[in-house]
């Protein structure tokens with residue numbers, strides 16, 4: 001790629017994270033490592049995100065371990081129920097237009113999408129809070145905790161702050177400011193954990209945990225405003241009408257958003273079925289196991305997903321299969337040892353760390369290992385379907401991936417540990433099939449578009465002409 005091409009590529013140019021020694025005339029402190037990282041931009045970007053998310057997840061883990069010794073499982077279960085209700089909407093709060101921020105060639109158009117995504121996120125958050133006025137009473141009565149009715153109204157602010165963190169992270173992704181994504185995570189978890197601890201000290205229970213979560217998201221948004229606010233304000237925004245912009249990227253709400261909705265139905269449907277199938281207390285123990293098991297994979301996987309999505313967005317046809325294959329192999333090699341250690345070390349260690357109230361979370365956590373390991377491998381690859389405009393294939397798989405666990409939970413009558421273990425194995429098998437589907441799709445994309453530019457591919461897949469776009 002020439003210098004001129006790099007300047008025109010998404011997220012390239014002066015917005016890149018800079019080396020503090022670059023241009024200073026000083027030799028780098030570690031010349032060999034400096035030279036190695038300079039030759040491996042992907043690895044450098046991953047390390048920038050990992051440095052932040054790793055610290056953030058360590059803070060989250062320590063905070064969660066403190067909470068398990070100072071909160072009742074039922075309170076944590078009620079907190080999880082409210083968050084699950086919000087999570088039905090959070091993935092599509094911006095109708096997936098937030099993901100489109102990475103795609104345009106011009107930063108002015110990307111800024112316009114930023115504004116569009118924020119506007120849609122605000123509308124969806126307000127509508128969700130209004131829906132919870134009647135629905136919150138139904139859910140709280142079903143849980144036999146009427147006081148939770150008013151907590152359910154918190155889904156509005158929680159949806160907006162979560163959704164807006166997604167929006168700003170995609171802008172940072174586009175600008176290759178991966179360090180900002182990491183510090184967003186650090187501020188988020190640090191403030192959240194401080195709020196969790198304070199809530200336990202004053203006995204606020206589930207309500208205190210909700211307030212802590214909201215404040216953590218606000219802290220992440222404030223970090224973005226400080227770090228990248230001037231960058232965003234310094235770019236002249238295109239004046240393309242929102243209706244034309246929404247049409248140009250219509251595959252986001254038409255195909256990618258339904259995919260996210262199906263995923264939300266699966267994830268939160270599983271949560272709700274466990275909540276009502278067993279009890280708020282047992283769901284609280286499951287939720288703690290899920291949260292803790294997400295931490296080791298999130299440290300690396302969030303970094304890989306963020307950076308790999310940006311890399312895929314500028315990968316030419318003819319190289320997609322190779323990129324996807326390398327991602328699968330890389331994730332497998334990175335994850336195999338840590339997940340094996342988790343499988344064998346959780347039973348003797350986790351009950352001691354969690355305390356008596358949440359000791360049952362340990363066997364549940366072990367049961368989740370197969371599922372989360374294969375999910376760790378597939379997570380970065382999932383963005384390939386978006387970049388290649390094969391959202392329909394991803395949607396079809398997502399429907400199967402949602403129906404299977406919900407059907408499984410509806411017919412299995414066993415202990416929570418046995419139930420989760422069986423579901424974990426089934427989901428791991430489905431994800432292994434997903435890897436094969438991703439490789440086949442990448443190969444077909446390479447064969448179909450090998451000699452065409454990215455702009456031609458985007459126009460053909462979107463079904464629009466250059467003339468229409470200009471209008």
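In full-length UniProt numbering, the protein residues as written are 1 to 471. The beta-carbon is built from N, C-alpha and C at its ideal position, and this holds for glycine as well.
Legend entry - DSSP three-state assignment for residue 88, whether helix, strand or coil: Walking along the chain shown from the start, residue 88 turns up at place 88. DSSP places residue 88 in coil when its eight states are reduced to three.
Inset, instruction - Please report the residue range of the alpha helix (DSSP H) in which residue 270 lies. - result: What you label residue 270 is simply residue 270 of the chain shown in a count that begins at 1. That run of the alpha helix (DSSP H) goes 257 to 277.
Inset, instruction - Determine, using beta-carbon pairs with one atom in the stretch 64 to 75 and one in the stretch 213 to 222, whether at least three such pairs fall under 8 Å. - result: no
Inset, instruction - Kindly indicate which three-state DSSP category residue 412 falls into: helix, strand or coil? - result: Here residue 412 is taken as the residue at index 412 of the chain shown, counted from 1. It is coil, neither helix nor strand.
Legend entry - Under 8 Å between C-beta atoms of residue 272 and residue 100: Here residue 272 refers to the residue found at position 272 of the chain shown. Here residue 100 refers to the residue found at position 100 of the chain shown. In this structure, residue 100 does not lie closer than 8 Å to residue 272 by Cβ.
Legend entry - 8 Å Cβ cutoff met for residue 164 and residue 121: Counting from 1 along the chain shown, the entry for residue 164 is found at position 164. Counting from 1 along the chain shown, the entry for residue 121 is found at position 121. Closer than 8 Å, so yes.
Legend entry - Terminal residues of the alpha helix (DSSP H) in which residue 129 lies: Numbered from 1 along the chain shown, position 129 holds the residue referred to as residue 129. Per DSSP, residue 129 belongs to the alpha helix (DSSP H) from 107 to 142.
Inset, instruction - Report buried or exposed for residue 410, applying the criterion of at least 16 other Cβ atoms within 10 angstroms of its Cβ. - result: Indexing the chain shown from 1 puts residue 410 at position 410. Exposed, because fewer than 16 other Cβ atoms sit within 10 Å of the Cβ of residue 410.
Legend entry - Candidates 62, 56 and 228, of which the one nearest residue 180 by Cα: Here residue 180 refers to the residue found at position 180 of the chain shown. For the residues 62, 56 and 228, the minimum Cα distance to residue 180 belongs to 228.
Legend entry - Reference residue 240, options 62, 417 and 109, closest by Cα: The residue given as residue 240 occupies position 240 in the chain shown. Selected option, being the one with the closest Cα: 109.
Inset, instruction - Hey, could you find the ends of the alpha helix (DSSP H) residue 235 is sitting in? - result: For the purposes of this step, residue 235 is taken as the residue at position 235 of the chain shown. Unbroken run through residue 235: none, as it is neither H nor E.
Legend entry - Touch test, the stretch 397 to 411 against the stretch 340 to 360, Cβ-Cβ under 8 Å, three pairs minimum: Contact between the stretch 397 to 411 and the stretch 340 to 360 is absent, because fewer than three Cβ pairs lie under 8 Å.
Inset, instruction - Would you mind giving the Cβ-Cβ distance between residue 188 and residue 56, rounded to the nearest angstrom? I have them listed as a contact below 8 Å. - result: In the chain shown, the residue the question calls residue 188 occupies position 188. In the chain shown, the residue the question calls residue 56 occupies position 56. Correct: roughly 7 Å between the Cβ atoms.
Legend entry - With 16 other Cβ atoms within 10 Å as the buried cut-off, status of residue 373: For the purposes of this step, residue 373 is taken as the residue at position 373 of the chain shown. Buried, because 16 or more other Cβ atoms sit within 10 Å of the Cβ of residue 373.
Legend entry - Alpha-carbon to alpha-carbon, residue 233 and residue 74: As a position in the chain shown, residue 74 is number 74, starting the count at 1. As a position in the chain shown, residue 233 is number 233, starting the count at 1. Looking at the two C-alpha atoms, the distance is approximately 45 Å.
Legend entry - CA-to-CA distance, residue 141 to residue 152, given in whole angstroms: Taking the first residue of the chain shown as position 1, residue 152 is located at position 152. Taking the first residue of the chain shown as position 1, residue 141 is located at position 141. Looking at the two C-alpha atoms, the distance is approximately 12 Å.
Legend entry - Beta-carbon proximity list for residue 434, same chain, < 7 Å, skipping 5 on both sides: For the purposes of this step, residue 434 is taken as residue 434 along the chain shown, with counting starting at 1. If we look at residue 434 and ignore the five residues flanking it on each side, its Cβ neighbours are 378 and 397.
Legend entry - Pick from 375, 366 and 320 that is closest to residue 334, judged by C-alpha positions: The count along the chain shown starts at 1 and reaches residue 334 at position 334. Taking only the C-alpha atoms, the option nearest residue 334 is 375.
Inset, instruction - Helix, strand or coil for residue 185, going by three-state DSSP, please let me know. - result: Stepping through the chain shown from its first residue, residue 185 is reached at position 185. DSSP places residue 185 in helix when its eight states are reduced to three.
Legend entry - Inter-residue Cα distance where the pair is residue 381 and residue 432: Here residue 381 corresponds to residue number 381 of the chain shown, with the count starting at 1. Here residue 432 corresponds to residue number 432 of the chain shown, with the count starting at 1. A straight line joining the alpha-carbon of residue 381 with that of residue 432 spans about 12 Å.
Inset, instruction - Rank 266, 363 and 201 by C-alpha distance to the C-alpha of residue 401 and give the top, closest one. - result: Walking along the chain shown from the start, residue 401 turns up at place 401. For residue 401, the nearest C-alpha among the options comes from 266.
Legend entry - Assigned secondary structure, residue 204 (DSSP; H/G/I helix, E/B strand, else coil): The sequence position of residue 204 within the chain shown is 204, counting from 1. Residue 204: coil per DSSP, three-state reduction.
Inset, instruction - Note the first and the last residue of the continuous alpha helix (DSSP H) segment covering residue 331. - result: In the chain shown, residue 331 corresponds to position 331, counting from 1. Residues 320 to 354.
Legend entry - CB contact flag (residue 289, residue 364, <8 Å): Your numbering for residue 289 matches position 289 in the chain shown. Your numbering for residue 364 matches position 364 in the chain shown. The answer is yes: Cβ separation under 8 Å.
Legend entry - Contact belief for residue 186 with residue 399 at Cβ below 8 Å, rounded distance in angstroms: Here residue 186 corresponds to residue number 186 of the chain shown, with the count starting at 1. Here residue 399 corresponds to residue number 399 of the chain shown, with the count starting at 1. With 8 Å as the limit, residue 186 and residue 399 do not qualify as a contact, their Cβ atoms being about 36 Å apart.
Inset, instruction - Have a look at residue 359 and residue 132 and give me their C-alpha separation to the nearest angstrom. - result: Here residue 359 is taken as the residue at index 359 of the chain shown, counted from 1. Here residue 132 is taken as the residue at index 132 of the chain shown, counted from 1. Distance between the alpha carbons of residue 359 and residue 132: 33 Å.
Legend entry - Rounded straight-line distance, which links the Cα of residue 89 to that of residue 162: As a first step, residue 162 is located in the chain shown; it is residue number 162 there, counting from the start. As a first step, residue 89 is located in the chain shown; it is residue number 89 there, counting from the start. Computed Cα separation, rounded: 10 Å.
Inset, instruction - Under the assumption that residue 347 contacts residue 366 (Cβ atoms under 8 Å), give the Cβ distance between them as a whole number of angstroms. - result: As a first step, residue 347 is located in the chain shown; it is residue number 347 there, counting from the start. As a first step, residue 366 is located in the chain shown; it is residue number 366 there, counting from the start. Confirmed, about 6 Å.
Inset, instruction - Compare the Cα-Cα distances from residue 326 to each of 292, 371 and 384 and report the closest residue. - result: To locate residue 326, count along the chain shown from 1; it is residue 326. Ranking the options by Cα distance to residue 326, first place goes to 384.
Inset, instruction - Specify the secondary structure class of residue 70 as computed by DSSP and reduced to three states. - result: Counting from one through the chain shown, the residue named residue 70 turns up at place 70. In this structure, residue 70 counts as coil in the three-state DSSP scheme.
Inset, instruction - Check residue 192 in the structure and name its three-state DSSP category. - result: By one-based count along the chain shown, residue 192 stands at place 192. Three-state result, residue 192: helix.
Legend entry - Within 8 Å, strictly: CB atoms of residue 206 and residue 79: Reading the chain shown from its first residue, position 206 is the one you call residue 206. Reading the chain shown from its first residue, position 79 is the one you call residue 79. The answer is yes: Cβ separation under 8 Å.
Legend entry - Contacting residues, own chain, Cβ-Cβ under 7 Å from residue 145 (five flanking each side not counted): Position 145 of the chain shown, counted from the first residue, corresponds to residue 145. Cβ within range, chain order: 78.
Inset, instruction - Return yes when the Cβ of residue 60 is within less than 8 Å of the Cβ of residue 295, no when it is not. - result: As a working mapping, residue 295 is identified with position 295 in the chain shown. As a working mapping, residue 60 is identified with position 60 in the chain shown. Yes. Within cutoff.
Legend entry - Where the alpha helix (DSSP H) through residue 244 begins and ends: On the chain shown, residue 244 is found 244 positions in, with the first residue counted as 1. Taken as a continuous stretch (DSSP letters only), the alpha helix (DSSP H) holding residue 244 covers 242 to 248.
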